[in-house]
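Line order of the protein sequences matches chains A and B.
For the first sequence, position 145 matches number 145 in my numbering, and the numbering has no gaps at all.
For the second sequence, position 182 matches number 182 in my numbering, and the numbering has no gaps at all.
Report on the following structure.
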Amino acid sequence: MRILVCVKRVPAPGARINITADGQAIDTAFLGFTMSPHEECAVEEAVQLIEKHGGEATVLTLGPAEADEQLRYAASLGVANAVLLPITGGDWDPQRTASAISTAIVDIESTDGPFDLILFGNESADSGGFQVGVRVAHALGRPIVNGIKGIDVQEGALMARREADVGVEVYEVPMPAVLGVKEGINLPRYPTLKGRLASKKVAVAQVAPTGEPGGQKLITLMPAQEQVSATVILGNGPDAASAVVDMLEEIGVLK
Amino acid sequence: MILVVVEHDRGTMSPATWEALAAANNLGEVHALTIGKAADGLVEQISVFGATTVHQVDDAVLVDYGPEAWGAVVAQAATSLGPTMILATGTDRGNEVMAHAAALLDLPMVANVVEFGDDHLVRVRWGGSLLERCSLDASIQLVTIAHHAFPAVEAPVTATVSPLWVELDPALSRSVIRERVERAAGVTLSTAPVVVSGGRGVGSADGFAPLQELATSLGGVVGCSRAVTNLGWRNHTDQVGQTGTRIAPDIYIACGISGAIQHWVGAMASKKILAINTDPEANMVTKADYAVIGDLHQVVPAITAEIHRRRG
Ligand SMILES: Cc1cc2nc3c(=O)[nH]c(=O)nc-3n(C[C@H](O)[C@H](O)[C@H](O)COP(=O)(O)OP(=O)(O)OC[C@H]3O[C@@H](n4cnc5c(N)ncnc54)[C@H](O)[C@@H]3O)c2cc1C
Ligand SMILES: Nc1ncnc2c1ncn2[C@@H]1O[C@H](COP(=O)(O)O)[C@@H](O)[C@H]1O
């Protein structure tokens, strides 16, 4: 199998998100970077599918030069190839991102052969537009189902499981296919020392991204409204139990 | 005209659709689009929220939900009905269908909107912990609305039914549901009245037993943080947060959880929050309604014991 995974470099905020003075980005001065947990699981799934069925996985990102870090992280887990579509000066909108990614995929496939499966996260951690994967699938003329929490490879098709409000749905999706993956599909491994060393040697291919800006444009980021409540300290240690149960009675949950 | 895509499963309408219809009703004349014959009986429920026309689409491909087929229906309805805006629910299905329609129409799509301005929209990022004001330049605005951002206000009218003919490529049924297992009835994490969650501070998988006892004594369920799922102590189905489950219990009891923003967004709809933590400065503690400062391994069993004592 040939599998491609698309990931996005995002900051990893802790207790709160601070916005830059111009309102255009998250203040990342004191932050590390990561990818969405959905995408970490997509990487893990690709590695597991390759371990089971043979083949090779590739990871791709459109982002700043520093996104090299996320590509090498994926490589340290067992992804063989990495592709960077470098951009400068902030995020691209979803249409433009999808257009650049699909053009790059067509390009890669024309020389290296088609991908049987392309994995996306269900949504990116930061912008959460719920669309880049779907747009890429349409541009390539391939089927896509989102929210996937289980993949079973069969002859020419995938059985893809998702958990909906109503229960579990299993989709049959013919290959070549695209899937949007959700956290919970697997438990991502941690990189081994050997994997980390090997990832340093992976050659990251650079493809200049192309794509016209789309119709959605960021004006400014704003903090979400927070309900400020003064915390009532009910006590310290086990002695607080009585005050806690008083409170549970008062709010009516102790029946 | 604003066209609202009715989300339903085999004829049962999702409450998120009531919110979408009500949100649309504040913006202009509302029509609704129902997909599949099973939804034909929804006209009355839809008209309760102010939609004056219900466009009904039926096709053999549409017996069950299918993302590509539903997206194609929305795209064709956009072309034949000419709405100024199409609104859908900001749910897994709603966002998915709109993304398909947007790709087919080559139009932008704005997900999870919480506010409609004159010349801008406000949407949520980071699962709700950050807002984005954006402009949307499009011949038809494709928008999904965030969960619980608009109240489901009723505005009953009498709706006209209008069958809408679409031409669906049978190839659109290429990703189809082969199997369906309906969820068993019972309390789930997203509907439980009480959730007792544990974080890294619980220390081990076994450490969850006292949390389970407390949850059981209150008719609730156990949840956890992502640190816990990553450590393999609990299944991801128990995870509360941005990439887990959003909960809204009467009380959320967070034990040994620091309250990272990605966890908080999943828990913030709780009516009350009690944090149990050794660190009085932890974000979970400073944001909670109530807190106990102390070791959860002592505090949690003491609470359960006190509940049993009072019940006799
Ligand atoms: C894109 C993205 C999405 C994410 N999605 C989620 C998500 O859906 N859900 C989620 O939970 N996280 C999510 N995270 C991870 C999140 O950022 C935090 O890493 C995680 O929530 C931390 O879990 P924790 O609070 O259990 O652990 P920690 O942050 O390590 O906190 C442990 C807490 O336990 C306390 N403690 C220790 N011992 C005791 C004791 N004996 N008694 C009482 N208290 C004790 C400590 O004081 C501390 O406050 C996401 C991160 C990213 C980047
Ligand atoms: N800049 C990017 N580079 C690579 N993949 C991306 C990028 N942005 C989004 N994606 C992929 O598309 C998915 C959906 O993103 P979004 O539409 O932003 O929610 C993400 O989970 C990623 O897998």
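Ideal placement from N, C-alpha and C gives every residue a C-beta, glycine not left out.
One thing to note: Thr89 (chain B) has its Cβ within 8 Å of the Cβ of Ala16 (chain B). Below the 8 Å Cβ cutoff, chain A contributes no neighbours of Asn277 (chain B), its closest Cβ being approximately 11 Å away. Three or more beta-carbon pairs separated by less than 8 Å are not found between the segment 41-61 of chain A and the segment 17-24 of chain A, which leaves the two stretches without contact. In this structure Ala139 (chain A) touches Ala98 (chain A) by the C-beta definition: roughly 7 Å separates them, less than 8 Å. For the 8 Å CB-CB criterion, Arg96 (chain A) and Pro213 (chain A) form a contact. In this structure, the CA atom of Ile46 (chain B) is about 14 Å from the CA atom of Ala38 (chain B). The beta carbons of Asn122 (chain A) and Val181 (chain A) sit about 6 Å from each other, so the pair counts as a contact at 8 Å. Shown here, Pro163 (chain B) sits in a strand according to DSSP, grouped into three states. In this structure, DSSP gives Phe120 (chain A) an extended state, which the three-state scheme calls strand.
For Val48 (chain B), the three-state secondary structure derived from DSSP is coil. Annotation for Asp279 (chain B) indicates a beta carbon within 7 Å of some heavy atom of ligand 1. In this structure, DSSP gives Arg2 (chain A) an extended state, which the three-state scheme calls strand. Chain A has no Cβ within less than 8 Å of the Cβ of Ser47 (chain B).
Gly294 (chain B) and Gly237 (chain A) do touch by the CB rule: their CB atoms are close to 4 Å apart, below 8 Å. DSSP assignment within the segment 116-203 of chain B yields the following whole beta strand (DSSP E) runs of 3 residues or more, N-terminal first: 121-125, 130-136, 141-145, 160-163, 176-182, 194-198. In the structure shown, the three-state DSSP call for Arg162 (chain A) is strand. Between Leu49 (chain A) and Ile3 (chain A), the CB-CB gap stays under 8 Å.
Between ligand 1 and the CB of Asp119 (chain B), the shortest heavy atom gap is not smaller than 7 Å. Contacts with chain B (Cβ-Cβ distance below 9 Å) from the segment 125-147 of chain A involve Ala125, Asp126, Ser127, Gly128, Gly129, Phe130, Gln131, Val132, Gly133, Val134, Arg135, Val136, Ala137, His138, Ala139, Pro143, Ile144, Val145, Asn146, Gly147, listed in chain order. Taking Glu172 (chain A) as reference, the option from B:Glu179, B:Gln141, B:Pro170 with the minimal CA-CA separation is B:Glu179. Relative to ligand 1, Gly256 (chain B) has its C-beta within less than 7 Å of a heavy atom. Within the same chain, Ala248, Pro249, Asp250, Ile251 come within 8 Å of Lys271 (chain B) by CB-CB distance, once the 5 residues on both sides are set aside. Leaving aside the five residues that flank Ile276 (chain B) on each side, the residues in its chain whose CB is nearer than 6 Å to its CB run, in chain order, Cys255, Val292, Leu296, Val299. Across the set B:Ile307, B:Val157, B:Pro151, the C-alpha of B:Ile307 shows the shortest separation from the C-alpha of Leu218 (chain B). Per DSSP, Tyr73 (chain A) is one residue of the alpha helix (DSSP H) stretching across 68-76. With respect to the C-alpha of His38 (chain A), the residue from A:Lys8, A:Pro94, A:Gly235 having the closest C-alpha is A:Lys8. As the crow flies, the alpha-carbon of His8 (chain B) is around 25 Å from that of Ala137 (chain A). Put simply, the backbone Cα of Asn235 (chain B) is about 8 Å away from that of Gly184 (chain A). Given a length threshold of 4 residues, each whole run of the alpha helix (DSSP H) inside the segment 204-255 of chain A is given here in chain order: 241-250.
Residue contact check for Lys272 (chain B) against chain A: a CB pair falls below 8 Å.
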